[in-house]
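Structure record follows, encoded as structure tokens.
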Amino acid sequence: MEKYSGRIFDNHFHLNPGSDFVNAVRIFRRSGGTSLNITNLPMHDTIDEYYQRLYDETVRMAKIVESETGVETLVTIGPYPFDYFFFESAGTDPVSIMQKGFDLAARYVEDGKADAIGEIGFPHVPQQEAVMQRFWEMLDYAMNVAHDAGSPIVIHTFDLSCKDYERIEKLADSHGSIAVVKHHARPADLSCMTRIVRSVPASRSAVRESLAISRDFLLETDFINDPVDMNKFLPPDSVPKRAQMIIQENEDGPEILNRIFNTLPESVYARLRERRL
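Residue numbering for the sequence shown follows my numbering, starting at 25 and increasing by one per position.
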């Protein structure tokens, strides 16, 4: 890629043990990708030692792809919001189990096995007020755990207004210094004045809309490694291809990429600062 030879980082990428996850990462690498944030993909099989098994499998796959492809990997683990309904349907207390999941994720970060707690937060579809209140309480709990572990968090939410961003930022501030990343942010979210880092889907339209507003965002595919539809949501090589597009369409393309792939992610993830490419 002309004029830029640094990191190409996809901030939100899932691996599926039931699919050819190594080949998916090779596709990313062949297009110029260098770095991935591997986020756990919910299993929703049995509740026995659910988070232990999920986290261990995510760490295992990240190590395999790093070893076999040379792609730099981060690991993000944590209770997915829809786990709540999985545990509820099993007749258990979802809040208690998910809080233990936050605690375990924090220990993995402290032990150097993971780099962030996520994707945590709220369902992206409407819920009753009483249910939403439980999610706010769990986010408060997770932020306290993250602060104590020195961990950033990656949040999954409904579409946020600027007031919603303000509320989440205030909650984070109540626990001290916590880096918060909003997964699947809309380009319009970049107009909100907030310290929350926004991670935007790497579609052509979203990248162009985002750059018309700001240079302060991350890029992601939310690739889910579906064994039937490899390109569900976005193909695995979307981020490196959007990097090429940014170079082609912007005179300050290298500066934009340096901001998106180096400066901003290094402000969130300690391992990227330590491994600076």
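For glycine and all other residues, C-beta sits at the position ideal for the given N, C-alpha and C.
So glutamate 143 and isoleucine 179 are supposed to be a Cβ contact under 8 angstroms. How far apart are they, rounded?
7 angstroms
Indicate whether the contact test is met: 3 or more Cβ pairs, each with one atom in the region 106 to 114 and one in the region 84 to 97, closer than 8 angstroms.
no
When Tyr79, Arg297 and Glu73 are compared against histidine 38, the one with the closest alpha-carbon
Tyr79
Helix, strand or coil: how does DSSP classify leucine 65 here?
coil
Express the C-alpha separation of serine 175 and lysine 18 in angstroms, rounding to a whole number.
A query on residue 18 cannot be resolved here, the shown segment of the chain reaching from 25 to 301 and no further.
Give me the Cα-Cα distance between arginine 50 and glycine 102, rounded to the nearest whole angstrom.
26 angstroms
According to the Cβ coordinates, are serine 55 and lysine 265 closer than 9 angstroms?
yes
Would you kindly work out how many angstroms separate the C-alpha atoms of proline 118 and glutamate 161, rounded to a whole number?
13 angstroms
What does the Cβ neighbour count give for alanine 236, buried or exposed, with the cut at 16 atoms within 10 Å?
exposed
Check leucine 60 in the structure and name its three-state DSSP category.
strand
Entirely within the region 215 to 241 and at least 4 residues each: give me those alpha helix (DSSP H) ranges in chain order.
228 to 235
One question on the structure: do valine 95 and alanine 140 come within less than 9 angstroms of each other, judged by their Cβ atoms?
no
Burial state of histidine 207, where buried means 16 or more other Cβ atoms lie within 10 Å
buried
Could you pull out every residue in the same chain whose Cβ sits closer than 6 angstroms to the Cβ of leucine 296, ignoring the five residues on either side in sequence?
Pro289 and Glu290
Among Ile270, Lys27 and Val155, the one whose alpha carbon lies nearest that of valine 231:
Ile270
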